[in-house]
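Novice: Before we start, here is the structure in question, set down as structure tokens.
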Amino acid sequence: MYYACNEHIEVAIDMVVDEAELAPVVEKVETKKEALSTSCSFCDSVAIYSVDS
Ligand SMILES: [Zn+2]
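Set out below in structure tokens:
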């Protein structure tokens, strides 16, 4: 699973698609408990989305 900010959501989706060859499941992190402590997998911004296969 990857976490992504607004800027990197497309990067995260591309990586999941490449790895899993499935449509990714994108969820908004802010609906989850980990929202405040999760940072983007690609930069230091706060993650807005989680991307899982
Ligand atoms: Zn980012």
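According to the numbering used here, the sequence shown is numbered sequentially starting from 42. Backbone N, C-alpha and C define an ideal beta-carbon position, used for all residues, glycine too.
Could you give the first and the last residue of the continuous alpha helix (DSSP H) run that contains Asp59?
Specialist: Ile50 to Ala61
Novice: Exposed or buried, Ser80, counting other C-beta atoms within 10 Å across all chains shown (16 or more means buried)?
Specialist: With a 10 Å radius around the Cβ and a threshold of 16 neighbouring Cβ atoms, Ser80 comes out exposed.
Novice: Where do the ends of the beta strand (DSSP E) carrying Glu68 lie?
Specialist: Val66 to Lys69
Novice: Tell me which residues pass a beta-carbon proximity test against ligand 1: closer than 7 Å to any heavy atom, given in chain order.
Specialist: Ala45, Cys46, Glu48, His49, Cys81, Phe83, Cys84 and Ser86
Novice: Ends of the beta strand (DSSP E) at Ser91?
Specialist: Tyr90 to Asp93
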